[in-house]
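Here is the structure we will look at, set down as structure tokens.
Here is the structure:
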């Protein structure tokens with residue numbers, strides 16, 4: 072496994088980038104308390120995203136999720152899938168793909184057996200399914216901070232194409248990712264809106280800024296948790312929540 076960070080735009084094979092992603096995650100602090108829901112800043116950000124996601128789903132006609140077929144690319148330990156279950160999605164209609172085996176195993180322990188969890192490279196798996204005209208397509212495909220962990224432009228493009236191919240006509244990508252680089256973390260890079268539009272050129276976009284800059288949010292939450300809401304101004308938000316809709320055919 073290589074610890075080398077690929078140069079953006081380099082012509083690398085997907086397995087090499089997948090190995091690099093695994094190495095980047097291996098360098099992260101396990102169970103980082105900054106991201107625990109017992110940290111007020113993380114809790115406020117999580118609840119803000121939940122409210123915004125539900126409002127976005129309702130806006131686009133998904134007030135009843137029981138028939139919605141959703142796939143999460145980079146499903147991690149299952150937090151987002153658990154949210155969808157609480158919101159009324161049927162376990163048999165939920166799927167997740169996770170590259171890291173320990174995160175996949177954790178999700179499998181937490182989620183009902185009816186939820187389909189796949190371990191492996193999402194791009195390879197989705198490309199293979201897209202070649203099968205009878206393969207199940209999805210109403211919504213979720214990605215949350217996956218593309219910011221891919222430092223190779225060609226791999227980002229390939230994954231975006233595979234995701235788009237697996238969407239039903241009338242479906243959508245539910246995107247949540249940050250837009251600015253973190254100078255303290257070279258293992259991630261912000262994804263600008265122009266880049267998202269280039270990755271999904273056929274999509275109809277609904278975009279909003281979300282999430283108070285985490286370093287600022289942590290300082291404010293230590294003073295008083297309510298300061299997160301008071302200072303959560305649009306120009307201080309570092310992430311975007313987007314609905315990338317595929318036209319009906």
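Numbering (the working numbering), first residue to last: 72 to 320.
In this text, a Cβ means the ideal position worked out from N, Cα and C, and glycines have one as well.
Small disclaimer: the values here were computed from a predicted structure and weren't measured.
Cβ distance (whole Å) where residue i is taken to contact residue j below 8 Å
i           : j           : result
residue 282 : residue 248 : Actually they are not in contact, since the Cβ atoms of residue 282 and residue 248 sit about 10 Å apart, beyond 8 Å.
residue 246 : residue 226 : Not really, about 17 Å apart at Cβ, beyond 8 Å.
residue 170 : residue 89  : 6 Å
residue 116 : residue 231 : Contact doesn't hold; Cβ gap of about 25 Å is too wide.
Beta-carbon spacing of residue i, residue j below 9 Å
i           : j           : result
residue 198 : residue 236 : yes
residue 284 : residue 111 : no
residue 296 : residue 114 : yes
residue 93  : residue 144 : no
Distance between residue j and residue i (C-alpha atoms, nearest Å)
i           : j           : result
residue 273 : residue 242 : 12 Å
residue 264 : residue 205 : 33 Å
residue 81  : residue 124 : Because the pLDDT of residue 81 is 38, which lies under 50, any placement of that residue in the model is unreliable, and the number read from its coordinates should be weighed accordingly. Going from the Cα of residue 81 to the Cα of residue 124 covers about 34 Å.
residue 47  : residue 148 : Beyond the ends of the chain as shown, which are 72 and 320, falls residue 47; an answer cannot be given.
residue 168 : residue 193 : 6 Å
residue 122 : residue 146 : 20 Å
residue 233 : residue 120 : 26 Å
residue 203 : residue 307 : 44 Å
residue 150 : residue 157 : 11 Å
Cβ neighbours of residue i in the same chain (closer than 7 Å, five flanking residues each side left out)
i           : result
residue 228 : 270
residue 303 : 283
Closest Cα partner of residue i within the set the options
i           : options       : result
residue 153 : 210, 302, 178 : 178
residue 162 : 91, 104, 185  : 185
residue 280 : 310, 301, 288 : 310
residue 320 : 299, 301, 240 : 240
residue 137 : 108, 180, 164 : 164
Close beta carbons around residue i, own chain, < 8 Å, minus the five adjacent residues each side
i           : result
residue 252 : 259, 260, 261
Residues of its chain near residue i, where Cβ-Cβ distance is below 6 Å and the 5 sequence neighbours each way are ignored
i           : result
residue 277 : 314
residue 142 : 166, 209, 212
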